[in-house]
Amino acid sequence: MNMHKNLLAVATSLALVAIGGVAFAGPAAKLPSQLPPLAADKALPVPQIAQKTLANGLEVWVVPRKGLPRVDYVLAVRNAGYAADAADASGFASLYAQLLTQGTPKRDAKAIAEAAQGYGGTLAANALNDGVILSGYALPTQSEAMLRLLAEVAQQANFPDAEVKLAQANALQELKVSQAQPGFKATRALLAATYGDHPYGHTQPTEAAINAVSADKVRAEHARRFRPERALLIVTGRISADEGFKYAEAAFGGWKGSGEPIADTAPARREAKPQRLFVQRDGSVQSAVRLGRPAIAATDADYIPAQLAGIVLGGGFSSRLMQNLREDKGYTYGARGGLNALRAGGLVQASADVRNEVTGAAIGEFIYEFGKLNDYPVPAQELEDTKRYVAGGYLIGNQMQASVAASLASNWLYGLPPQFLGEYVPKVRAVGADQVQAAAKKYYATKDQSIIVVGDYKAVQSQLKEYGEFKLEK
Amino acid sequence: MRTRHLSVLLAGLTTITTAAFAPASAAESDRWQVPVAVKKLDNGLTVVVSEDHSSPTVGVSVVYHVGMRLEPKNRTGFAHLFEHLMFQGTPTAPKGVFDQVISGGGGRNNGSTRADFTNYIEVAPVSALDRILWLEADRMKTLDFNPTTLKNQQDVVKEEIRVNVKNQPYGGFMWIDIGQHAFQKWENNHDGYGSFQDLENASLADVQSFHRDYYGPNNAVLGIAGDITPAEAFKLADKYFGAIPGRSTPTPPDYSEGLNTQEKRVNQTDALAQVPAIAAAWKMPARGSRDHAPMAVLGSVLAGDEASRLYQSLVKRKQLALSVDALYGLTDPWTYNGPTLYTLFALYKPDSSADAVLAAIDEEVAKIAQGGVDAATLKRVKTKMLADWYNGLESYIDRADTVARMQTLWGDANVVNKIPGWIEAVTSADLQRAAKTYLTRANRTVIDRRPTAMAAPAAAAPSGQN
Chain A
5 MNMHKNLLAV
15 ATSLALVAIG
25 GVAFAGPAAK
35 LPSQLPPLAA
45 DKALPVPQIA
55 QKTLANGLEV
65 WVVPRKGLPR
75 VDYVLAVRNA
85 GYAADAADAS
95 GFASLYAQLL
105 TQGTPKRDAK
115 AIAEAAQGYG
125 GTLAANALND
135 GVILSGYALP
145 TQSEAMLRLL
155 AEVAQQANFP
165 DAEVKLAQAN
175 ALQELKVSQA
185 QPGFKATRAL
195 LAATYGDHPY
205 GHTQPTEAAI
215 NAVSADKVRA
225 EHARRFRPER
235 ALLIVTGRIS
245 ADEGFKYAEA
255 AFGGWKGSGE
265 PIADTAPARR
275 EAKPQRLFVQ
285 RDGSVQSAVR
295 LGRPAIAATD
305 ADYIPAQLAG
315 IVLGGGFSSR
325 LMQNLREDKG
335 YTYGARGGLN
345 ALRAGGLVQA
355 SADVRNEVTG
365 AAIGEFIYEF
375 GKLNDYPVPA
385 QELEDTKRYV
395 AGGYLIGNQM
405 QASVAASLAS
415 NWLYGLPPQF
425 LGEYVPKVRA
435 VGADQVQAAA
445 KKYYATKDQS
455 IIVVGDYKAV
465 QSQLKEYGEF
475 KLEK
Chain B
3 MRTRHLSVLL
13 AGLTTITTAA
23 FAPASAAESD
33 RWQVPVAVKK
43 LDNGLTVVVS
53 EDHSSPTVGV
63 SVVYHVGMRL
73 EPKNRTGFAH
83 LFEHLMFQGT
93 PTAPKGVFDQ
103 VISGGGGRNN
113 GSTRADFTNY
123 IEVAPVSALD
133 RILWLEADRM
143 KTLDFNPTTL
153 KNQQDVVKEE
163 IRVNVKNQPY
173 GGFMWIDIGQ
183 HAFQKWENNH
193 DGYGSFQDLE
203 NASLADVQSF
213 HRDYYGPNNA
223 VLGIAGDITP
233 AEAFKLADKY
243 FGAIPGRSTP
253 TPPDYSEGLN
263 TQEKRVNQTD
273 ALAQVPAIAA
283 AWKMPARGSR
293 DHAPMAVLGS
303 VLAGDEASRL
313 YQSLVKRKQL
323 ALSVDALYGL
333 TDPWTYNGPT
343 LYTLFALYKP
353 DSSADAVLAA
363 IDEEVAKIAQ
373 GGVDAATLKR
383 VKTKMLADWY
393 NGLESYIDRA
403 DTVARMQTLW
413 GDANVVNKIP
423 GWIEAVTSAD
433 LQRAAKTYLT
443 RANRTVIDRR
453 PTAMAAPAAA
463 APSGQN
């Protein structure tokens, strides 16, 4: 839809976890002498989080803000997402999350949607690997009512048979829509090559898994997955801590879990035999190129330096991959990469969609950039600029209350403490070039990367020989 | 910021616009008055400032009053290619400097090309504001007209078109192809992404003359939002942009056109898609006309969210479609200054048909045309639109961009504070009138796009072309 200079969502991502970064393909450009100096940095604002745990175990964090007239709520439920899906039910969590807002004993789906609309907001749920996020927002005068609606959905969603059937039928069609997109196929192959049989390895839906869903199963899973002692409610916006706690107690104080909670996700593997996979897509005029390997969880001691290494490599518009593959070679509209670390593991990946004619050459440049990150320390100015880019990303995200809430929720799902958000920038600032290089050697070594290409095999086959024997998949 | 009164009134400004409107029926605490201060520099550059010290950051947007409508004929896609070249360096700041300075200052930047304007946006810690303004002024003066970077960006733009159009199912037909069929004049109906041949034919001479003609300060608006006072911001704007001479801008052709008088039906096949889709588009009322706000509200009543009439009908009750989305050209209901479309895009089920989807749309439109919209629904939809409008102004980069766009297209940045009131004033009778006038069959253009693999004989189009 956008005719943007680049595909990066500059304005809306908090850029703390996987996005952001600056680096240069070669020596940094010489800055013009007329360029004004940077002014002194102002102090980094740190979110002030009022915390309380209700008697039923629900954690409540309130972050009062004086921004626009809106109150935001995020209910994060750990172990309720894709990682909780059975091996033969891959992608179940997304259908389940979507169905959460489709009915309670008091309101049908239409009444829920109309209520949210009338509050000047929306109520929606989505699945992540480590949990489900149910979030809503409303104008200040409607904020208490919105939290009641959110709580009603969280505690009383009843998954009407007809809604489940409709969601199933639509999901089968949506799967066809997804399968027509090169990125979907590339992700499927990459997840399998990195995470293998781990639940993180199969988060996309399949036809069989969609067909196996029933209303009874969804209701049973909801009872297992949604429970107060596994949940965090974040409240932010034009609301005081006292009000936030009062509303939360009124809306969630009576919430009880039932049965046995879901066990924690087993750790994902940290190493995998690198593979060469080619996924055939008839008629492709581009190859979707992906490199990747399993890596580490967000709570790993190497997380910060490995993250920073990824930002240098492919974190932003000025990253090495973007500068090389796009701005120097003109192979692609966008090349990016870095670490994606979650609760039970993570992966390093890099990606670009390139025209058929330069598929082999593009893989060569990826390998070159991974190698350079391993073999040489990041030059001082580039490292400093990258750290400033990370700090800026934090400040930009901190402008927006929903973004702060989303970051706090993801960190909590990963097992990071609440203060991590405010400590992230100082921690990044403390990393040296030697630590970045050490992290690169551990997690960004060329020899460890699987290479995946989705495209037209006949058109690009001859360019791939020097990168190994590619296994052809339909 | 966030106050309901404007905090600054500066002496000596050419113009100051104070924000002044909030809907009467919304609760006081749900209102938001965006501070807007405007000054025009001697060279014609209009500067709009929205002060907000809640974050130590700043958003910047430079909006040029030229977009795809005004690109040279036989150079389709040129306005967008040119946008890319604005990032490719100047004699003073060669390629690489722009992105490096902004990223290294902690910022993010982007640009986009639309029918009526092209915008260049940044957000960064306020410590980088001087540098950003210096860079924007530098590329307003001149560019490094360089064959290597031209070739590089021709390649990049072609990859952009491959990744967004040629290698994607549906190929953006609901925003590219639909306008080609709905409009009569070249300015409105050519492909703004461009043909590969036209892109390849673009020359440095084209780049030079486009920059000279359309990228002068008098054809631009600078928006700044965030941790700075209007007085400081105007001073900085004058410091960095004040010495750039104004340049004469060509008189635009008359690209206005009336509503369509005969329905157009187009059938397409799609080799990559597996699920059929439909786009139905109607020409919108002119910007600022008395039907403008009613059409915006009608658009939301029909397809604004999951509570909307068409979502409930097409997706939930009749179960014909997987989704239904509303598009307003390439922008939103308020950001255009020439012929534009209200487009409904739906993926529909293989056992359904374009005709069934259209019949269901017509049914909902007819209900409104005949009986209007009940008070409860109208109130809900307006409340949501008000909140959405505020939401779009939360981030500084979007706020700077919105006030600059409004100044560019409406000649009044303070439209940002008037829109809530315009929404509030719409009545059920207004919706009836808008439905009867614009959402007619005669004013409609439809593309039915089916997977090649389905190879179903297309239903006979009633008044078909193509």
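First to last, the sequence lines map onto chains A and B. 138 is the number that our numbering gives to position 134 of the first sequence; each next residue is one higher, with no gaps. 284 is the number that our numbering gives to position 282 of the second sequence; each next residue is one higher, with no gaps. Cβ coordinates follow ideal geometry from the N, Cα and C atoms, glycine included. Every value quoted in this text rests on a predicted model; they were computed, and no experiment measured them.
Short Cβ contact (8 Å threshold) for residue i with residue j
i      : j      : result
A/F256 : A/L62  : yes
A/A276 : A/T198 : yes
B/V367 : B/A437 : yes
B/A305 : B/A282 : no
B/L47  : B/L224 : yes
B/Y440 : B/D118 : no
A/A171 : A/L99  : yes
B/V299 : B/K384 : yes
A/L325 : A/A345 : no
B/L201 : B/V303 : no
B/L206 : B/V159 : no
Helix, strand or coil at residue i [DSSP, three-state]
i      : result
A/L377 : helix
A/G426 : helix
B/K303 : Checking the displayed sequence, the identity of residue 303 of chain B turns out to be Val instead of Lys. B/V303 falls in the helix class under three-state DSSP.
B/T410 : helix
A/V353 : The identity of residue 353 of chain A in the sequence shown is Gln, whereas the question assumes Val. Strand at A/Q353.
A/L39  : coil
A/E63  : strand
B/P25  : Residue confidence is low: B/P25 scores 40 on pLDDT, short of 50, so the model does not pin down where it sits. Its coordinate-derived value is still stated next. Residue state, collapsed to three classes: coil.
B/A279 : strand
B/I449 : strand
B/G423 : helix
B/Y66  : strand
B/W284 : strand
A/Q55  : strand
A/D481 : It is not possible to answer for residue 481 of chain A, since the shown part of chain A is limited to 5 through 478.
A/Y337 : strand
A/T145 : helix
Alpha-carbon to alpha-carbon, residue j and residue i
i      : j      : result
B/Y344 : B/A288 : 12 Å
A/R229 : A/V81  : 8 Å
B/Q276 : B/V165 : 18 Å
A/R274 : A/Y141 : 38 Å
A/G459 : A/L476 : 11 Å
B/A81  : B/G194 : 8 Å
B/L324 : B/G106 : 44 Å
A/S355 : A/K333 : 15 Å
B/A130 : A/L42  : 5 Å
B/H55  : B/M88  : 30 Å
A/P203 : A/Q453 : 20 Å
A/V78  : A/A409 : 7 Å
B/I104 : B/A126 : 8 Å
B/D140 : A/D201 : 54 Å
Residue range of the beta strand (DSSP E) that includes residue i
i      : result
A/P298 : 290-298
A/N130 : 127-131
A/S454 : 454-459
B/S52  : 48-53
B/P127 : 120-127
A/Q284 : 280-284
B/G1   : The structure shown has nothing for residue 1 of chain B, since chain B only spans 3 to 468.
Minimum Cβ-Cβ distance from residue i to chain D less than 8 Å
i      : result
A/P209 : Given the protein chain composition of this structure (A and B), no chain D is represented.
Element boundaries [alpha helix (DSSP H), containing residue i]
i      : result
A/F249 : 245-256
A/W259 : Counting along the chain, A/W259 falls outside any alpha helix (DSSP H), and DSSP gives it neither H nor E.
B/G181 : 179-184
Any non-hydrogen atom of the ligand HEM closer than 7 Å to residue i Cβ
i      : result
A/S288 : The ligand HEM is absent from the structure shown, which contains no ligands of any kind.
Would you list, in chain order, the members of the stretch 106-129 of chain B that have their beta-carbon closer than 8 Å to a beta-carbon of chain A? G106, G107, G108, G109, R110, N111, N112, G113, S114, T115, R116, I123, V125, A126, P127, V128, S129
Residues of the stretch 288-318 of chain A whose Cβ lies closer than 7 Å to any Cβ of chain B, in chain order: S288, V289, Q290
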